[in-house]
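Below: one structure, written as structure tokens.
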Amino acid sequence: MSTNRIALVTGANQGMGKQIARELAADGLTVFVGSRDLVRGEAAAAEIGGDATALQLDVTDATSIAAAAERIRAEAGRLDVLINNAAISTTRAGERDLAGMIASAKPSRASLDEVRAVWEVNVFGPLAVYQAMLPLLRRSPDARIVNVSSAVASLTLVADPAMSFHATYEPVYAASKTGLNAMTMAMMIELEETDIKVNLVSPGFAKTALVNFEGTDSVEDSVREVVRVARLGPSGPAGTFTTWEGQPLPW
């Protein structure tokens, strides 16, 4: 069994997930680089370096999730840090314009098939991974789950007409992150009497494929809060929803 802390980052072959994995590996953690496409995951792990290992993991596939949990059990014996990062914003590969994506996702126009597909990754995926990895997290003396959400998920914020994203809230991506917040709250309540800490984080608005690279923040800046929370020790807080430097966000 490894004496390093063991981390799993889902959706870690690119973007924010890859940067999170890179920073944790640089801290000396053994990092499983979760990737739906194993070849891309292997390329990312090689670039990350340190003790980073590619792990085939499709968060919408129960067989893939079970196999990933079994591999972590066999190779590491436990899991100390789970970062549910994998997410998609659309299923329309040809959609290249963020404004167009938002317009076509309005409640009156959104494809129900796309809503289901995005929610499958962003809401049900983290729950499925949580269920599979919880026995491994219970083996850790200092386990932490970090779910990567978004400020647009806050119903309190989005209900305010003065907020910049009030008019763009839609049932595909934005509401899926609200759904993730609800799933995270359920996890927090289930584990609040245990030593496993659960936190929810809103990263920056990163320039990644998720938003057609139209974000305003670098990937490095965007993941700072995710990594900060992942690094918290056993005395660190649980049950929080924060943005950079621990600033609380309303649910």
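Residue numbering for the sequence shown follows the UniProt record's numbering, beginning at 1 and increasing consecutively.
Beta carbons: idealized from backbone N, C-alpha and C, even for Gly.
The structure displayed is predicted, hence computed values, not measured ones.
By the 10 Å Cβ neighbour count, where 16 or more other Cβ atoms means buried, how is residue i classified, buried or exposed?
{"i": "Ser-89", "result": "buried"}
{"i": "Lys-18", "result": "buried"}
{"i": "Pro-203", "result": "buried"}
{"i": "Arg-116", "result": "exposed"}
{"i": "Thr-63", "result": "exposed"}
{"i": "Ser-176", "result": "buried"}
{"i": "Leu-112", "result": "exposed"}
{"i": "Thr-5", "result": "With the sequence shown as reference, residue 5 is identified as Arg, and Thr is not the correct amino acid for it. Per the 10 Å Cβ criterion, buried."}
Taking C-beta to C-beta, are residue i and residue j nearer than 9 Å?
{"i": "Leu-200", "j": "Thr-242", "result": "yes"}
{"i": "Pro-171", "j": "Pro-126", "result": "no"}
{"i": "Ala-153", "j": "Ala-174", "result": "yes"}
{"i": "Val-198", "j": "Thr-184", "result": "yes"}
{"i": "Leu-232", "j": "Arg-144", "result": "yes"}
{"i": "Trp-244", "j": "Arg-224", "result": "yes"}
{"i": "Val-31", "j": "Gly-11", "result": "no"}
{"i": "Ala-46", "j": "Asn-13", "result": "no"}
Measure the beta-carbon distance from residue i to residue j and round it to whole angstroms, keeping in mind my assumption that it falls under 8 Å.
{"i": "Asn-122", "j": "Leu-180", "result": "6 Å"}
{"i": "Leu-186", "j": "Leu-249", "result": "Position check: residue 186 holds Ala in this sequence, whereas Leu was assumed. Not really, about 18 Å apart at Cβ, beyond 8 Å."}
{"i": "Leu-57", "j": "Arg-40", "result": "The pair is not a contact, with the Cβ atoms about 12 Å apart (cut-off 8 Å)."}
{"i": "Thr-60", "j": "Glu-120", "result": "5 Å"}
Thinking C-alpha only, which one of the options is nearest residue i?
{"i": "Arg-228", "options": "Arg-5, Val-9, Ile-20 and Asn-13", "result": "Ile-20"}
{"i": "Ala-52", "options": "Tyr-173, Ala-69, Glu-70 and Glu-23", "result": "Glu-23"}
{"i": "Val-146", "options": "Arg-5, Thr-168, Asp-113 and Ala-238", "result": "Ala-238"}
{"i": "Pro-135", "options": "Val-226, Asp-80 and Ala-103", "result": "Asp-80"}
{"i": "Ala-68", "options": "Val-33, Ala-43 and Ala-99", "result": "Val-33"}
{"i": "Leu-191", "options": "Glu-42, Ser-218, Gly-246 and Tyr-130", "result": "Tyr-130"}
Got a sec? Which residues, its chain only, sit under 6 Å from residue i by beta carbon, not counting five neighbours each side?
{"i": "Pro-234", "result": "Asp-142"}
Can you list, in chain order, the residues of its chain with a C-beta nearer than 7 Å to that of residue i? Leave out the 5 residues immediately preceding and following it.
{"i": "His-166", "result": "Val-158 and Asp-160"}
{"i": "Ile-102", "result": "Thr-168 and Glu-170"}
Identify, in the order they occur along the chain, each residue of the same chain with its Cβ nearer than 8 Å to the Cβ of residue i, setting aside the five sequence neighbours on each side.
{"i": "Val-226", "result": "Met-16, Ile-20, Ile-83, Asn-85, Val-146, Val-148, Val-201 and Pro-203"}
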